Amino acid sequence: MRKRTLARGLAGIWWVTLFFLYAPLFVIVLFSFNSANSTAIFENFSLAWYRRLFGNEQIINAFGNSLVLAVSSSIIALVIGCLIGYGMYRHRHRKLGWLIVLIYLPIVLPDIVFGISEMAFFVQIHEWTGLLQPGLGTMIIAHVTFQIPFVALIVYSRFVGLDPTLFEAAKDLYASPIKRVVHFMVPTIKPALISAFFLSFTLSIDDFVISFFTAGPESATLPIYIWSAIKKGVTPEINAIATLMIGAVAMAAIFSMLFNRRGRR
Amino acid sequence: MSETMTAETADHPGARPAANARGRANHKASSIEMQGLHKRFGRDTVALDGVDLNIRAGEFFTLLGPSGCGKTTLLRILAGLEEPDAGSLVVGGKDITETPPHQRSVNTVFQSYALFPHLSVRENLAFGLKMRGMPAAERHSKVDEIADFIKLGDLIDRHVDQLSGGQRQRIALARALICEPDVLLLDEPLSALDAGLRSQLQVELLRVQKRLGMTFVFVTHDQQEAMVMSDRIAVLNGGTIQQVGAPRDVYERPVNAFVAHFMGHDNLYPISARKSDRLITALGELTAEEAGDGELLLIRPETLDLLPGAVEGPNHLTATVAERLYRGSHAEFRLAIADTTLQATVNNRGRHLPEVGETVTVVVAPEDLVTLSE
Chain P
13 MRKRTLARGL AGIWWVTLFF LYAPLFVIVL FSFNSANSTA IFENFSLAWY
63 RRLFGNEQII NAFGNSLVLA VSSSIIALVI GCLIGYGMYR HRHRKLGWLI
113 VLIYLPIVLP DIVFGISEMA FFVQIHEWTG LLQPGLGTMI IAHVTFQIPF
163 VALIVYSRFV GLDPTLFEAA KDLYASPIKR VVHFMVPTIK PALISAFFLS
213 FTLSIDDFVI SFFTAGPESA TLPIYIWSAI KKGVTPEINA IATLMIGAVA
263 MAAIFSMLFN RRGRR
Chain Z
488 MSETMTAETA DHPGARPAAN ARGRANHKAS SIEMQGLHKR FGRDTVALDG
538 VDLNIRAGEF FTLLGPSGCG KTTLLRILAG LEEPDAGSLV VGGKDITETP
588 PHQRSVNTVF QSYALFPHLS VRENLAFGLK MRGMPAAERH SKVDEIADFI
638 KLGDLIDRHV DQLSGGQRQR IALARALICE PDVLLLDEPL SALDAGLRSQ
688 LQVELLRVQK RLGMTFVFVT HDQQEAMVMS DRIAVLNGGT IQQVGAPRDV
738 YERPVNAFVA HFMGHDNLYP ISARKSDRLI TALGELTAEE AGDGELLLIR
788 PETLDLLPGA VEGPNHLTAT VAERLYRGSH AEFRLAIADT TLQATVNNRG
838 RHLPEVGETV TVVVAPEDLV TLSE
C-alpha cells in the first residue's frame, strides 16, 4: 500500500515537471496560429503572423545572421574541438589533468561573465590594432570558444570507448599516418562528429547573452531581435519566431542524439 | 553454428582443393634474426634484457613465458609497434629495426582481435590491401579467396557486432593472412576463448600454417598450447631467453629450474652428493644414465611405475601414498618418501590403483632422469 503511494507520488512529480516544461511551449506554438493580436484569447487558426514574419526584413536578416553564425562557428569548433579531443585522448596517461580543466571552464562559467569579458577583450584589441570590430566575426570567435569544450568532450569520450589496439591494427595493416586519419579515425568517430556538430549548432542558435555582448550594430541574431522587439510587448509574431526556433532546435537535438546513439552501438 | 560446421570440414583438408592450390604454395617464407634486443619502460622496468634469437623460415615459433616476461614486448618489436632501445632486427635478410609498422611486411593477429567497428567483415578483410593501394576489383577477389581458404562462409556478409569470439578470431586471422606477409605474429589469439573452441582453433591454426608454409610467431603463456602448436619454443623470463628448442626438448630436458617449473614439473630435488652415475637426494640414492652435471634432479611423474608393497631392487624407492587424484584416464599420486614427497602419474589400465595410506614401491628408470641447473 505504502509502496504504491510512493510510486504514484513519484509519477506525479514526473507529470508536473513535464507540464511546466512543455505547457509554455504549447501556449507559444498555439498562439502563433491565432488570428487575433492577443496572447490571451484564441480566436481562429491563421498563418497571418507567419506571413508577416517572412515579410519583415529585419527578421529575415536576423535569421540569416543566426544561421551563418551557427553554421560557421560549429564547423570551426568541430575542427578545433576534434583536434583537442584527440590530443586529450593521446595524452590521457600523462599528467595533463589541469589542461583539461582549463578547456572545461566555459561550460561552468556563467554566460554573462563570459559575454562581458569577451566584449571587453574585443574592445581592447580593437583599440590597439583596429582589428576585431564587433560584428559577425567577433560573434563567431566567441561562439567557437564556448562550443569547443563540448566538441572536445564528445570526441574524447568516443576515442576512450574504442579498443586502443585498433590504432595499432591500422598501423599494422599498412595505413600511413594520413591514411589512418582518413580511413580509420574519422570514419570511426563519424557519428560523434555529426552529433557534436548538431550540439554546437543548437548551442549557437540558443545563445542570447554572449551574442548580445559581442554583436555589432548589423549583426543582430534572432534572439537579439526578439529581445529588442519584446520591449514593445509580446506580439504573436514573436510567438511565430519562437515556434520556428523550437522546431529547428528540436530537429538538431534529435539528429545529435540519433547519431550519438548509432555510434555507441 | 558455423564453428561446428568448420570443425567438420576441417577434418577433411582435401575437401576443397581449389582453395588450397590457388596461388598459396609459392608464398615465400622469411627467417627472422634478432640480435641484442633491449627494451626498457620508464626508468626501472626492464622488458627485454638482451635477446638473441633466430627464427627459421616457415617455422611455427612460440614465445612462451609468464606475464611480464617480455614475450609481448618482443612481438611488438617485431610488429614495429615498439622500438627497441638497442639491438637489431632482420627479417628476410632486410634490417627493419627502424622501419615503421605500416611499411613492414609483417601482420599481427591481436589478442582483442581489433576488428574495425565501423567496417563490415568484408571491408575489415580488405583494409590492409586497400591501404597498400590494391585496386577494388583485385581486393574483392582476394577477399573471396581468403574467405574460401579460412572457410568463413556467410560470416563475410555480417557486421562485426554480430560475431562471436571464435568468429572474430578467424576474421582477425584472415585479415592478417590476406596481406601475405613475410611473417605472421599472433598475440595470445586464443586466450579469450573457452577450452573446447580453443583446442579446435589450435588445430585449425596449425593446419593453416602448415599449408601456407608461412613463418608464424605465436605468443602464449600456456605451455600445453605451446607444445601442441610449435615447431620450436623459446621460454622467456625476466626479459631474457631461458631455453630454445623443440617441444620435447623443452619439456623433457629443461635447462633450468624456471623452465622446469613453467613446463609443469614439480619433482625437483637438489643433489647433495654424486658418486659417478649415482645421485644422492632427499629421496635417497638413484642411478642415472646420461643425466648431465646439473645440481637439480628432475623426475617426470609420468615416467614412474608403482608396484604394490615394499619391493627391494635397484632404483626402487619405498613410499606411502599421501594423496590420490583419480582422473579417469590416469591417476595422480602424491607419495611420501623419507622427509619429502614425489608426484607420480599412472595410466589407468584397469589394474589396482593404490589407496591412500598404502605402501608402494616407486620404480625409477635410470634413462628418464635428467639434471639441470638452478
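These protein sequences, in sequence, are chains P and Z. Quick note: the first sequence uses this note's numbering, first residue 13, plus one each step. Quick note: the second sequence uses this note's numbering, first residue 488, plus one each step. All residues carry an ideal CB built from backbone N, CA and C; glycine is no exception. All figures in this text were calculated on a predicted structure; none of them were measured in a lab.
Classification of residue i by the beta-carbon crowding that lies within 10 angstroms, buried from 16 upward
i	result
P:ARG183	Residue 183 of chain P is actually Lys in this sequence, not Arg. With 16 or more Cβ atoms within 10 Å of its Cβ, P:LYS183 is classed as buried.
Z:GLN914	Missing from the structure shown is residue 914 of chain Z; chain Z here goes from 488 to 861 and no further.
Z:TYR738	buried
Z:LEU673	buried
Z:ASP669	buried
Z:ARG563	buried
Z:GLU810	exposed
Z:SER816	exposed
Z:ILE728	buried
P:ASP219	buried
Z:THR559	buried
Z:LYS762	exposed
Z:ALA659	buried
Z:LYS629	buried
Z:ARG655	buried
Z:ALA601	buried
P:HIS103	exposed
Span of the beta strand (DSSP E), counted from its first residue to its last, around residue i
i	result
Z:PRO795	792-795
Z:VAL722	719-724
Z:PHE548	547-551
Z:THR727	727-732
Z:SER651	No beta strand (DSSP E) contains Z:SER651, which DSSP labels as neither H nor E.
Z:SER575	573-578
Z:GLY523	519-528
Z:VAL851	Run containing Z:VAL851: none; DSSP gives neither H nor E here.
Z:GLU819	817-824
Z:THR595	593-596
Residue i: first and last residue of the uninterrupted alpha helix (DSSP H) it sits in
i	result
P:THR214	198-218
Z:HIS748	744-749
P:LYS107	Unbroken run through P:LYS107: none, as it is neither H nor E.
Z:GLY615	608-618
Z:VAL706	Where Z:VAL706 is concerned, there is no enclosing alpha helix (DSSP H), although the beta strand (DSSP E) it sits in stretches over 702-707.
P:GLU69	69-102
Z:GLY771	Taken as a continuous stretch (DSSP letters only), Z:GLY771 belongs to no alpha helix (DSSP H), being part of the beta strand (DSSP E) at 771-774.
Z:PHE636	623-636
P:ASP123	123-141
Z:LYS697	682-699
Z:TYR600	Element bounds for Z:TYR600: n/a, residue is neither H nor E.
Z:GLN830	Careful: Z:GLN830 lies outside any alpha helix (DSSP H), inside the beta strand (DSSP E) at 827-834.
CB contact flag (residue i, residue j, <9 Å)
i	j	result
P:PRO146	P:VAL135	yes
Z:GLU591	Z:GLY567	Before going further, note that residue 591 of chain Z is Arg rather than Glu in the sequence given. Yes; because the gap between Cβ atoms is below 9 Å, this pair is in contact.
P:HIS264	P:ILE190	According to the sequence as given, residue 264 of chain P is Ala; it is not His. It is not a contact, given that the beta carbons lie outside the stated cut-off.
P:TRP110	P:GLU249	no
Z:GLY537	Z:SER575	no
Z:ALA806	Z:ALA818	no
Z:GLY580	Z:MET701	no
Z:SER565	Z:LEU723	Note that residue 565 of chain Z corresponds to Leu in the displayed sequence, not to Ser. No, they are not a contact pair.
P:LEU42	P:PHE54	yes
P:ALA164	P:ILE96	yes
Z:ALA775	Z:SER759	no
Z:PHE547	Z:SER717	yes
P:PHE213	P:VAL80	no
Z:LEU784	Z:THR858	yes
P:MET100	P:ILE88	no
Z:ASP764	Z:PRO841	no
Chain C contact for residue i (CB, 9 Å cutoff)
i	result
P:HIS105	Absence of chain C from the displayed structure is noted, the protein chains being P and Z.
Scan the stretch 200-220 of chain P for residues whose Cβ lies nearer than 8 Å to a Cβ of chain Z and list them as they occur along the chain. Of all residues in the stretch 200-220 of chain P, the ones placed with a Cβ closer than 8 Å to any Cβ belonging to chain Z are THR200, LYS202, in chain order.
Does the count of Cβ pairs from the stretch 174-190 of chain P and the stretch 112-127 of chain P closer than 8 Å reach three? No: fewer than three Cβ pairs fall under 8 Å.
How about the stretch 570-590 of chain Z and the stretch 734-748 of chain Z: do they share at least three Cβ pairs that are nearer than 8 Å? Proximity of the stretch 570-590 of chain Z to the stretch 734-748 of chain Z falls short of the contact definition, fewer than three beta-carbon pairs being nearer than 8 Å.
Could you list the residues in the stretch 45-62 of chain P with a C-beta less than 8 Å from some C-beta on chain Z, going in chain order? Taking 8 Å as the Cβ-Cβ cut-off against chain Z, none of the residues of the stretch 45-62 of chain P qualify.
Please identify, using Cβ separations under 7 Å, the residues of the stretch 176-192 of chain P that lie next to chain Z, in order along the chain. Residues passing the 7 Å Cβ filter: THR177, LEU178, GLU180, ALA181, LYS183, ASP184, LEU185, TYR186, ALA187, SER188, LYS191.
Is it the case that the stretch 784-791 of chain Z contacts the stretch 830-847 of chain Z, given that we only count it when at least three CB pairs across the two stretches are under 8 Å? A contact exists between the stretch 830-847 of chain Z and the stretch 784-791 of chain Z.
Is the number of C-beta pairs between the stretch 650-664 of chain Z and the stretch 596-611 of chain Z that are closer than 8 Å three or more? Taking 8 Å as the limit for Cβ pairs, the verdict is that the stretch 596-611 of chain Z does touch the stretch 650-664 of chain Z.
Spell out a yes or no on whether the stretch 166-177 of chain P and the stretch 200-207 of chain P are touching, meaning 3 or more CB-CB pairs, one atom from each, closer than 8 Å. Counting C-beta pairs with one atom in each stretch, the stretch 166-177 of chain P and the stretch 200-207 of chain P have three or more that are closer than 8 Å, which means they touch.
Would the stretch 606-615 of chain Z and the stretch 644-656 of chain Z be scored as touching if the rule is three or more Cβ pairs under 8 Å? The stretch 606-615 of chain Z, when compared against the stretch 644-656 of chain Z, does touch it at the 8 Å Cβ threshold.
Is it the case that the stretch 673-685 of chain Z contacts the stretch 707-720 of chain Z, given that we only count it when at least three CB pairs across the two stretches are under 8 Å? Judged by Cβ distances under 8 Å, the stretch 707-720 of chain Z makes contact with the stretch 673-685 of chain Z, as three or more pairs qualify.
For the stretch 611-633 of chain Z, enumerate the residues whose C-beta is nearer than 7 Å to any C-beta of chain P, in chain order. Those residues of the stretch 611-633 of chain Z that come within reach of chain P (Cβ to Cβ, closer than 7 Å) are PHE614, GLY615, MET618, ARG619.
Report yes or no: do three or more beta-carbon pairs, one from the stretch 63-76 of chain P and one from the stretch 228-246 of chain P, lie closer than 8 Å? Touching, per the Cβ criterion.
Which residues of the stretch 595-610 of chain Z have a Cβ closer than 9 Å to any Cβ of chain P? Give them in chain order. Within the stretch 595-610 of chain Z, the qualifying residues are THR595, PHE597, GLN598, SER599, TYR600, ALA601, LEU602, PHE603, PRO604, HIS605, LEU606.
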